[in-house]
Amino acid sequence: MRVVVVESPAKAKTINKYLGDDFKVLASFGHVRDLPAKDGSVDPDQDFAMKWDVDPKSEKHLREITEAVRKADALYLATDPDREGEAISWHVRDVLAQRKVLGEKPVHRITFNAITKSAVNDAMAAPRDLHQELIEAYLARRALDYLVGFTLSPVLWRKLPGSRSAGRVQSVALRLICDREAEIERFKAREYWTVEALMATTTAGGGQTFTARLTHLDGKKLDKYGLPDETAARAAEAAITGTSFSVGKVERKTAKRHPAPPFTTSTLQQEASRKLYFSASRTMSVAQRLYEGITLGGETVGLITYMRTDGVQMAPEAIHATRATIERDFGGRYVPDAPRMYKTKAKNAQEAHEAIRPTDPGRTPAMVAPYLSKEQLSLYELVWKRTIASQMASAELDQVAVDLTAADGRAVLRANGSVVTFDGFLKVYLEDRDDSAEGDDDSNRLLPPMKEGDAVDRREVKAEQHFTQPPPRFTEASLVKRMEELGIGRPSTYASILSVLQNREYVKLESRRFVPEDRGRIVTAFLENFFARYVEYSFTADLENKLDEISAGALGYRAVLREFWTDFKAAVDQIQGLRVANVLDALDAELGPHLFPEPEDGGADPRACPTCGDGRLGLRIGKFGAFIGCSNYPECRYTRQLVATANDDGGAEDLAAGPRELGTDPETGKPVTLRKGPYGLYVQLGEQEQIGETKTGKPKMGPKPPRASLPQGLDAARVDLQVALGLLALPRDVGPHPEDGAMIQAGLGRFGPYLKHNDGYKSLPKDDDPLLVLTIGLNRAVDLLAQQGGGRKRMAARALGNHPTDGKPVTLKDGRFGPYVEHGKARASLLKADRENIDGLTLDRAIELIRLKAEKDAAKTDSGGKAGRTTSKGPAKDTGSGRKTATKSSSRKTASAR
Numbered sequence: 001m002r003v004v005v006v007e008s009p010a011k012a013k014t015i016n017k018y019l020g021d022d023f024k025v026l027a028s029f030g031h032v033r034d035l036p037a038k039d040g041s042v043d044p045d046q047d048f049a050m051k052w053d054v055d056p057k058s059e060k061h062l063r064e065i066t067e068a069v070r071k072a073d074a075l076y077l078a079t080d081p082d083r084e085g086e087a088i089s090w091h092v093r094d095v096l097a098q099r100k101v102l103g104e105k106p107v108h109r110i111t112f113n114a115i116t117k118s119a120v121n122d123a124m125a126a127p128r129d130l131h132q133e134l135i136e137a138y139l140a141r142r143a144l145d146y147l148v149g150f151t152l153s154p155v156l157w158r159k160l161p162g163s164r165s166a167g168r169v170q171s172v173a174l175r176l177i178c179d180r181e182a183e184i185e186r187f188k189a190r191e192y193w194t195v196e197a198l199m200a201t202t203t204a205g206g207g208q209t210f211t212a213r214l215t216h217l218d219g220k221k222l223d224k225y226g227l228p229d230e231t232a233a234r235a236a237e238a239a240i241t242g243t244s245f246s247v248g249k250v251e252r253k254t255a256k257r258h259p260a261p262p263f264t265t266s267t268l269q270q271e272a273s274r275k276l277y278f279s280a281s282r283t284m285s286v287a288q289r290l291y292e293g294i295t296l297g298g299e300t301v302g303l304i305t306y307m308r309t310d311g312v313q314m315a316p317e318a319i320h321a322t323r324a325t326i327e328r329d330f331g332g333r334y335v336p337d338a339p340r341m342y343k344t345k346a347k348n349a350q351e352a353h354e355a356i357r358p359t360d361p362g363r364t365p366a367m368v369a370p371y372l373s374k375e376q377l378s379l380y381e382l383v384w385k386r387t388i389a390s391q392m393a394s395a396e397l398d399q400v401a402v403d404l405t406a407a408d409g410r411a412v413l414r415a416n417g418s419v420v421t422f423d424g425f426l427k428v429y430l431e432d433r434d435d436s437a438e439g440d441d442d443s444n445r446l447l448p449p450m451k452e453g454d455a456v457d458r459r460e461v462k463a464e465q466h467f468t469q470p471p472p473r474f475t476e477a478s479l480v481k482r483m484e485e486l487g488i489g490r491p492s493t494y495a496s497i498l499s500v501l502q503n504r505e506y507v508k509l510e511s512r513r514f515v516p517e518d519r520g521r522i523v524t525a526f527l528e529n530f531f532a533r534y535v536e537y538s539f540t541a542d543l544e545n546k547l548d549e550i551s552a553g554a555l556g557y558r559a560v561l562r563e564f565w566t567d568f569k570a571a572v573d574q575i576q577g578l579r580v581a582n583v584l585d586a587l588d589a590e591l592g593p594h595l596f597p598e599p600e601d602g603g604a605d606p607r608a609c610p611t612c613g614d615g616r617l618g619l620r621i622g623k624f625g626a627f628i629g630c631s632n633y634p635e636c637r638y639t640r641q642l643v644a645t646a647n648d649d650g651g652a653e654d655l656a657a658g659p660r661e662l663g664t665d666p667e668t669g670k671p672v673t674l675r676k677g678p679y680g681l682y683v684q685l686g687e688q689e690q691i692g693e694t695k696t697g698k699p700k701m702g703p704k705p706p707r708a709s710l711p712q713g714l715d716a717a718r719v720d721l722q723v724a725l726g727l728l729a730l731p732r733d734v735g736p737h738p739e740d741g742a743m744i745q746a747g748l749g750r751f752g753p754y755l756k757h758n759d760g761y762k763s764l765p766k767d768d769d770p771l772l773v774l775t776i777g778l779n780r781a782v783d784l785l786a787q788q789g790g791g792r793k794r795m796a797a798r799a800l801g802n803h804p805t806d807g808k809p810v811t812l813k814d815g816r817f818g819p820y821v822e823h824g825k826a827r828a829s830l831l832k833a834d835r836e837n838i839d840g841l842t843l844d845r846a847i848e849l850i851r852l853k854a855e856k857d858a859a860k861t862d863s864g865g866k867a868g869r870t871t872s873k874g875p876a877k878d879t880g881s882g883r884k885t886a887t888k889s890s891s892r893k894t895a896s897a898r
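If you're matching positions, the sequence shown starts at 1 in full-length UniProt numbering and goes up one per residue.
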């Protein structure tokens with residue numbers, strides 16, 4: 001017998017079926033031992049010797065492995081093909097050696113990128129030794145994380161009571177979030193205007209209309225801020241209105257759009273966040289299940305390749321299978337002449353791994369849908385589409401730009417159009433834009449035929465006010481992307497980094513975006529002031545590169561540890577001598593703009609104590625954490641909690657005294673205000689006017705002015721004039737549905753933002769941006785509407801035939817909880833085997849299912865179940881004393897009758 005050790009029981013179950021009875025496959029359930037959470041587990045004075053302890057939860061699994069290996073002929077270590085997997089294999093081998101069960105038995109390391117029968121058998125035929133360099137890279141990373149955590153965290157606890165632990169990579173990720181928040185707070189909105197005109201061609205029978213934007217005025221090209229205020233915009237509007245236009249120049253070009261490469265861990269997490277709204281940890285959990293194996297028609301098979309990778313390349317046989325699938329399903333035109341080859345910029349050892357792809361590209365999502373949960377199917381479909389698209393032909397677009405010149409030469413307008421002439425890979429997949437990217441307003445917009453010299457009619461001219469927007473807060477997708485760009489962390493760490501930051505209450509997720517808590521900002525300010533080097537992005541990225549060099553055999557791991565520890569220990573010793581007051585002064589100066597923002601229009605000093613008047617407010621530290629206190633303590637005992645990034649009631653505290661004016665509606669000239677009512681915050685256009693008096697002399701008021709509630713979760717600080725006018729204009733038309741042409745509307749109702757199509761409604765995702773209702777486009781709206789009813793498209797009802805007893809039809813239907821058969825009022829759900837072969841369901845099988853369901857219901861009735869309690873009296877019972885008494889239900893009825 002030969003023993004194979006893997007990490008998870010699901011993986012063990014799958015592989016055991018492939019290898020047969022000569023093998024025993026056991027799971028280690030992840031890491032079997034770790035550094036104890038106490039001082040001295042890594043000893044720098046002993047050349048960084050490490051003390052390992054077996055996890056008590058792992059002891060049971062280790063005993064089972066130990067006993068099996070004791071009787072085995074050989075040991076195969078088949079943990080995951082990365083640094084962590086290599087480390088788990090090393091730990092298992094080391095423990096077994098200490099327990100003296102290995103002896104002279106051969107120990108083999110095998111790896112496979114996909115859990116399929118062929119991949120596992122190929123790996124068994126080509127075993128290797130443990131990769132010592134990968135193990136040393138793991139040891140270096142684990143020692144570094146331990147040394148930072150167990151050296152820096154006690155300093156935090158002493159200098160900043162109430163703080164949590166500090167981690168090597170987590171602290172840098174936290175700094176990213178805090179730096180972005182500070183950037184948002186410093187942001188000053190800048191006004192700018194645009195002028196657009198509705199134009200029309202002058203062809204007979206009525207011209208075709210199109211929109212053009214002003215690009216040149218009085219011989220100058222207008223940049224974004226070319227029209228800085230309303231005065232300039234109105235002047236430009238007048239210049240356009242007072243003249244005629246003709247076509248000055250027509251530019252045409254053909255462009256190609258190429259597909260994105262297959263998924264890496266990072267890009268999978270980003271797209272799953274944007275398209276499926278999965279967190280990074282949720283994505284990895286579902287991907288792990290798809291990798292480890294799903295039972296398909298009696299056979300367990302891994303559906304995707306290993307999901308922790310930086311590589312974007314695919315094996316030649318996978319590329320060939322993908323191209324064959326494209327030709328089979330979409331036709332030869334969609335297959336490029338040569339396979340597409342992708343390269344990654346990543347330098348670490350995981351470059352050797354393939355991209356994340358289906359193990360069999362010919363296995364479409366529709367084929368596996370009956371065997372997968374909704375989450376599994378959604379992620380598999382995402383991986384499958386991305387992989388197929390990566391080997392498809394490029395999309396082809398016709399782009400047209402038309403310059404319209406004023407007769408007096410003062411103004412030039414430009415109209416842009418872009419039409420997809422061949423969809424190529426877009427037929428299958430379109431990568432979502434990053435949330436900071438600007439939208440493409442000209443996407444798939446067709447311009448009417450025009451040539452130079454053609455006259456055009458001016459229909460309408462519109463000047464529109466805009467304000468620059470601050471950079472958006474990070475979503476999970478954009479934060480993972482930024483960390484990858486900076487070289488912070490690795491594929492296996494992204495999900496845990498984000499979870500740790502939330503668990504330590506350093507950040508919170510609001511509307512799917514990270515907002516730093518004050519505790520997190522204080523920790524970041526502390527580290528930036530006293531450990532600046534260790535939260536620098538370049539330093540952390542450089543350390544990650546050194547770990548990669550260790551795994552490649554170019555550096556010794558103890559040399560890296562010595563270099564790091566010398567400088568780090570000196571920095572810690574230096575901060576140990578600082579008084580808490582010195583730390584507070586530095587943090588108070590750093591966080592002052594956040595904690596005490598400057599008032600507008602020369603208001604009161606935000607640091608003036610409201611109690612004693614002459615005291616100065618500042619950051620203070622107590623045993624329960626940081627707070628704001630007065631400098632005249634203990635004479636003045638004024639304190640308050642730290643100001644959160646948004647008020648608990650959405651920034652409404654300053655509305656208690658009255659409404660806040662946001663600006664003037666350009667169409668009506670009426671003021672737009674933000675108000676607080678008994679049911680929350682709302683915006684209002686104008687004021688309710690008095691239209692007369694009643695007979696008793698009381699004022700008679702006109703209709704209430706237009707109002708709109710703020711969506712739940714929207715911070716009042718985000719509500720400006722543009723947002724308020726957008727809310728007041730709801731519901732708005734999103735666009736015609738591509739299937740039936742009916743208009744899709746976005747609105748705000750009693751239960752929050754929604755989409756309406758015909759008579760159907762779909763609520764917008766609760767964890768999305770509350771202002772999505774103002775910006776959602778047609779493609780996203782169609783996708784969300786398609787998810788109505790749980791996102792599963794129900795099949796149409798199918799007649800199976802007539803029942804032989806009464807001639808009534810027997811029908812196969814699809815309900816809320818899955819397919820079922822119906823005969824009259826009798827219904828029976830399909831069993832798993834029937835669902836797997838639903839197309840082959842016969843009338844006889846349907847009748848049998850209905851009969852079995854009826855027998856089951858009858859059995860419940862006979863046993864006194866709910867289905868059987870149809871009479872008020874139960875049978876008489878013999879009490880053993882010669883008298884028969886009624887059942888409880890009978891007794892209750894008799895008693896009530898009396």
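Positions of the beta carbon are idealized from the N, C-alpha and C atoms, including for glycine.
Fair warning: this is a prediction, and the values are worked out from it, not measured in the lab.
Per the Cβ contact rule, the region 121 to 128 is not in contact with the region 83 to 97 (fewer than 3 Cβ pairs under 8 Å).
Ranked by how close their Cα comes to the Cα of residue 512, the residues 33, 280, 31 have 280 in first place. Residue 501 has its alpha-carbon roughly 22 Å from the corresponding atom of residue 36.
The beta carbon of residue 743 sits closer than 7 Å to those of 733, 736, all from its chain and outside the five residues before and after it, given in chain order. In the three-state scheme derived from DSSP, where H, G and I count as helix and E and B as strand, residue 763 is classed as strand. In this chain, the beta strand (DSSP E) harbouring residue 2 covers 2 to 6. Residue environment: residue 113 is assigned as buried (16 or more neighbouring CB atoms within 10 Å of its CB, all protein chains considered). Check the Cα spacing between residue 329 and each of 458, 424, 369: the tightest is with 424. Contact annotation: residue 69 and residue 101 have beta-carbon atoms nearer than 7 Å.
In this structure, the beta-carbon distance from residue 561 to residue 150 does not fall below 7 Å. With contacts defined by Cβ atoms closer than 7 Å, residue 227 and residue 238 do not form a contacting pair.
For residue 325, the CB contacts under 6 Å within the same chain, skipping 5 residues up- and downstream, are 361, 362 in chain order.
Across the structure, residue 50 and residue 141 are spaced so that their CA atoms are roughly 12 Å apart.
Here the region 254 to 270 lies against the region 482 to 492, with 3 or more beta-carbon pairs under 8 Å apart.
Here the region 193 to 200 does not lie against the region 377 to 395, with fewer than 3 beta-carbon pairs under 8 Å apart. Under DSSP, no beta-bridge partner is assigned to residue 317. If the five residues before and after residue 41 are omitted, its C-beta is found closer than 7 Å to the C-beta atoms of 35, 50, 51, 146, all from its own chain and listed in chain order.
Below 8 Å, enough C-beta pairs join the region 70 to 80 and the region 2 to 14 to call them touching: three or more. Unbroken beta strand (DSSP E) stretches of 3 residues or longer found wholly inside the region 452 to 515: 455 to 467, 507 to 510, given in chain order.
Beta-carbon to beta-carbon, residue 572 and residue 155 are separated by about 6 Å, close enough to satisfy the 8 Å threshold. DSSP places residue 216 in the strand class (E or B) of the three-state scheme. Contact annotation: the region 613 to 621 touches the region 583 to 598, with at least three C-beta pairs closer than 8 Å.
The region 670 to 728 is shown to contain whole alpha helix (DSSP H) runs of 4 or more residues at 721 to 728, in chain order. For residue 274, there is no enclosing alpha helix (DSSP H), as DSSP gives it neither H nor E. For residue 409, the number of other beta carbons within 10 angstroms of its own is below 16, and it is reported as exposed.
Secondary-structure assignment with DSSP links residue 608 through a beta bridge to 616. Residue 488 is classed as buried because its beta carbon has at least 16 other beta carbons within 10 Å across all chains shown.
For residue 596, same chain residues with a beta-carbon under 6 Å away, outside a window of 5 residues either side, are 606, 607 in chain order. For residue 246, the secondary structure class from DSSP, reduced to helix, strand or coil, is strand. Here DSSP, grouped into helix, strand and coil, assigns residue 371 to helix. Residue 356 is bridged by DSSP to 263. In the three-state reduction of the DSSP assignment, residue 666 falls in the coil class. In this structure, DSSP gives residue 387 a helical state, which the three-state scheme calls helix. Residue 294 carries a strand assignment under DSSP once its states are collapsed to helix, strand and coil. A buried status is given to residue 753, since no fewer than 16 other beta-carbon atoms sit within 10 Å of its beta-carbon. The distance from the Cβ of residue 683 to that of residue 707 is about 7 Å, consistent with a contact at the 8 Å cut-off.
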